[in-house]
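Down below is the structure, laid out as structure tokens.
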Amino acid sequence: MLLGLSYTKPQFPRQLWGHCILAAAYLINRLPTPVLQWKSPYEALYHKSPSLEHLRTFGCLCYATNVAPHKDKFDPRASKCVFVGYSQFQKGYKLYHLTDKVVFTSRDVQFQENIFPFASLPLDSTSYVPAPVLDTLPSTLPTTQNSNLTPEFNVPNSPTVATSPVNNPPLRRSQRQITQPTWLKDYLDVNNAFLHGQLDEEVYMLPPEGYDKAVGGLVCRLKKSLYGLKQASHQWNIELTSKLQCYGFKQSPHDHSLFIFSVDSVFLALIVYVDDVLLTGNSMDALTDVKRYLADLFTIKDLGHAKYFLGLELARSSHGTYVTQRKYLLDIVHDYYLDDAKSTATPLPVGICFDAATGPALAAPDRYRRLIGRLLYLGFSRPDISFAVQQLSQFIQHP
């Protein structure tokens, strides 16, 4: 893997870096680690040593056998490809077709592990970067004609070229532009949200104090949700979802707290966390109409333009909306008595290695777990701490 990357890294297309990451993870899962007493993750899971006979050099030249049913004797016997990983769904290698520009899976492959096609490409002042918007990708992409090859991902013929990639803002910055300057973001709060839920099952409770008409052991049957019921939050979510869908919002299948409204040129996005609602879009009239619709159904409090939402500080300017977690970070520093601590160049000492048997157990493990959770959330604006937090969270069950 390292040999292949050392040859192909300068010219390796960015569109294939995802396959590079998957291949690296595939190898890491088969390498021994001191965290598991020098066992590989594969061996710890399946209780047997992994087979390494099928491993090949990443990025090398290879030829996939062409077994198309209607080929004649003048057709090529194999396709020239580059090895980009291992299939997770079937036995075979993932290959990048140098002519058709697609990634497919094949079992009949001949490797030339001393030749790296991407290493021979001319290196100029430009570098490949991902397309900034989806519209830059071609609408139709070529596919392979070999029936025994399983296409997995289509790759555009011409990657987007940037002449000065070093001018991009580094990941270490704690602010990110997330929307266009014309988009507005309003913050809404639903009063007594859990009281709006409708109960789908029979729930009974003792009469409230001061109600004297309940004699003979009578109880009350609830018709609507109350705070304290285990069903309260779920029923409120069902109620709000149904009302938003009646308006025209569609619930995201990937994040059920996100709702999208898109009609003609109007686009709105609404995200819900319990009773807090963040609403954004490109039309002020549409935003006002949605808020009026929700106010007719529930008792809401319009808090105006969003400035702070779930630990995220939102700041608008003529250049767009920026997100920072400065207050959230300062709260962590204060809660763990680090106000007078000095900064360091790296989150963890270089080369440090943790082991489950090293050091005594913490006296307050719950406090440590809460800190790890807060640092994971902080990684939204500070991805530079992600590796350190991942290392510290390995032994969260017994810190």
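Using full-length UniProt numbering, you'd call the opening residue of the sequence shown number 1 and step up by one each time. Backbone N, C-alpha and C define an ideal beta-carbon position, used for all residues, glycine too.
Spatial neighbours of residue i in its chain, beta-carbon cut-off 7 Å, leaving aside the 5 residues before and after
i           : result
residue 329 : 378
residue 391 : 348, 354
residue 372 : 389, 392, 393, 396
residue 306 : 185, 186, 187, 278, 314
residue 275 : 189, 190, 193
residue 286 : 266, 268
residue 98  : 80, 81, 82, 117
Three-state secondary structure assigned by DSSP to residue i
i           : result
residue 18  : helix
residue 390 : helix
residue 189 : strand
residue 272 : strand
residue 12  : coil
residue 360 : coil
residue 255 : coil
residue 355 : coil
residue 27  : helix
residue 379 : coil
residue 365 : helix
residue 372 : helix
residue 385 : helix
residue 45  : helix
residue 163 : Only weak support is given to the placement of residue 163: the predicted model assigns it a pLDDT of 39, under 50, and the question is left unresolved by the model.
Same chain, Cβ closer than 6 Å to residue i, five either side skipped, listed in chain order
i           : result
residue 36  : 44
residue 30  : 40, 42, 50
residue 380 : none
residue 309 : 278
residue 300 : 188, 190, 294
residue 316 : none
residue 283 : 266
residue 365 : 399
Bridge partners - residue i, DSSP secondary structure assignment
i           : result
residue 262 : 267
residue 39  : 33
Beta-carbon proximity check, residue i vs residue j, cutoff 8 Å
i           : j           : result
residue 103 : residue 94  : yes
residue 248 : residue 272 : no
residue 86  : residue 26  : yes
residue 116 : residue 81  : no
residue 239 : residue 304 : no
residue 206 : residue 231 : no
residue 195 : residue 226 : yes
residue 23  : residue 109 : no
residue 113 : residue 77  : no
residue 75  : residue 66  : yes
residue 361 : residue 398 : yes
Beta-carbon proximity list for residue i, same chain, < 8 Å, skipping 5 on both sides
i           : result
residue 269 : 258, 259, 260, 261, 279, 280, 281
residue 376 : 389, 393
residue 219 : 204, 205, 206, 207
residue 34  : 353, 355
residue 244 : 251, 259, 270
residue 369 : 396, 399
residue 291 : 186, 188, 279, 300, 302
Closer than 8 Å to chain C by CB, residue i
i           : result
residue 227 : Protein chain content of the structure displayed is limited to a single chain, and chain C is not contained in it.
Complete runs of the alpha helix (DSSP H) confined to the UniProt domain "Retroviral polymerase SH3-like" (60-120) [at least 4 residues]
none
Minimum length 4: unbroken alpha helix (DSSP H) runs contained in the stretch 277-349:
284-297, 326-335
Which full runs of the alpha helix (DSSP H) of 4+ residues lie inside the stretch 191-252, going along the chain?
232-247
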